Ligand code: SAH
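In our numbering, the protein residues as written are -5 to 356.
Structure below.
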């Protein structure tokens, strides 16, 4: 029975070595097996052709390679693909594959549901079901990669799917290590990004553990507004504390923190907000990524017009801040930022909710 077998993908590198030694094999065989799991992405033990037939049979008796199950797989008109994936205990999460000109980015989840209660995010409505284990985070990459042709490789990973990564700190760090290790998936740390709503104590700790890119969801320029739209996290860590840790952040040269800023019409998109954002970001090596609000069924906020978005951006650019507008992809299949929710997975948006994106740069 599978449940008595050890799922090798669930083991850390050190645990796999110990398991191999317990089996009576030499320790170095762990590296050989790791290479099959992560580099060559074997689907079963039979593919591990540099192991003898007897060894492969022994492994198949004692171990399994259990992957996430793809429940549904939707494709947006813009090429974005959304995967609804089932964990071993039946909980479900989503991952989104986003093609770009020179990259193929996978947006992955860190929790089933979310610890936080941000009012503009559909995942928050699901509440936290549980933290994902390290292998469930990494396996989103393996599982989606397996649906692609051999020559099509996922080039970038962003932890911007369901959940607050820094509220699941240990598992996220272990997953990131497996992603960037040369004996794991081998991603360059520059191609891996963690997005946080601003869990201040964990921000520096994360960087010390794994130096990946950091995106911070600032989303407001006053505590009054941030308390309203991101109540849980801002009451714990108000804007001043968040900016203090950003200023203290030991960024290597040529790297910058990204501030994400979801634009909600009439809430945080005024000219005064833009001017305050300029002031708040002074002294921090950063860029700003503006995300016009993506609607979802029953959402309490509105997306600003394209003109408002461009005006907000111009204030930042005029102050010499780097400010980009995120072109939200996959909105027709609820795959864009803030639209992930395993319970809404199959419901499309109406045409009205998909309007206006014409002016924004493509
Ligand atoms: N919990 C993490 C990662 C998930 S959210 C975080 O807060 O950063 C990823 C990004 O999507 C965040 O910047 C968030 O502010 C933004 N976002 C959430 N809901 C959104 C929505 N409905 N429209 C646009 N962006 C949204």
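Glycine included, each C-beta is placed from N, C-alpha and C at the ideal position.
All figures in this text were calculated on a predicted structure; none of them were measured in a lab.
Just the Cα atoms here: how many angstroms apart are residue i and residue j?
i           : j           : result
residue 230 : residue 195 : 11 Å
residue 282 : residue 52  : 53 Å
residue 153 : residue 105 : 10 Å
residue 239 : residue 65  : 40 Å
residue 14  : residue 148 : 30 Å
residue 20  : residue 173 : 25 Å
residue 120 : residue 234 : 29 Å
residue 296 : residue 202 : 38 Å
residue 136 : residue 165 : 17 Å
residue 208 : residue 69  : 28 Å
residue 73  : residue 320 : 16 Å
residue 6   : residue 169 : 9 Å
residue 324 : residue 23  : 42 Å
residue 18  : residue 180 : 28 Å
residue 245 : residue 122 : 32 Å
residue 193 : residue 271 : 20 Å
residue 99  : residue 75  : 11 Å
residue 150 : residue 93  : 10 Å
residue 269 : residue 256 : 16 Å
residue 414 : residue 308 : The chain is shown from -5 up to 356; residue 414 falls before or after that span and cannot be answered.
residue 291 : residue 67  : 20 Å
residue 25  : residue 59  : 16 Å
residue 0   : residue 54  : 10 Å
residue 248 : residue 280 : 10 Å
residue 85  : residue 2   : 21 Å
residue 220 : residue 191 : 11 Å
residue 222 : residue 294 : 12 Å
residue 79  : residue 313 : 43 Å
residue 284 : residue 101 : 17 Å
residue 134 : residue 62  : 7 Å
residue 37  : residue 141 : 12 Å
residue 331 : residue 156 : 9 Å
residue 146 : residue 333 : 26 Å
residue 328 : residue 103 : 15 Å
residue 253 : residue 214 : 10 Å
residue 90  : residue 139 : 12 Å
residue 186 : residue 277 : 25 Å
Which stretch, first to last residue, makes up the beta strand (DSSP E) that contains residue i?
i           : result
residue 253 : 251 to 257
residue 153 : 150 to 153
residue 63  : 63 to 69
Run through DSSP, which three-state label would residue i get?
i           : result
residue 211 : strand
residue 37  : coil
residue 308 : helix
residue 58  : strand
residue 76  : strand
residue 317 : strand
residue 228 : helix
residue 206 : coil
residue 343 : Summary for residue 343: the model assigns pLDDT 48, below 50, so the residue's position carries little reliability; its value from the coordinates is reported in the next sentence. Coil, per DSSP.
residue 401 : Nothing in the structure corresponds to residue 401, since the chain is present only between -5 and 356.
Since residue i is in the alpha helix (DSSP H), which residue starts that stretch and which ends it?
i           : result
residue 223 : 217 to 223
residue 197 : 194 to 203
residue 242 : 233 to 242
residue 24  : 23 to 28
residue 15  : 7 to 16
Scan the stretch 258 to 304 and note each continuous beta strand (DSSP E) run of 3 residues or more that stays entirely inside, going in chain order. 280 to 286
Going residue by residue through the stretch 78 to 163, where are the continuous alpha helix (DSSP H) segments of at least 4 residues, counting only ones entirely within it? 128 to 139
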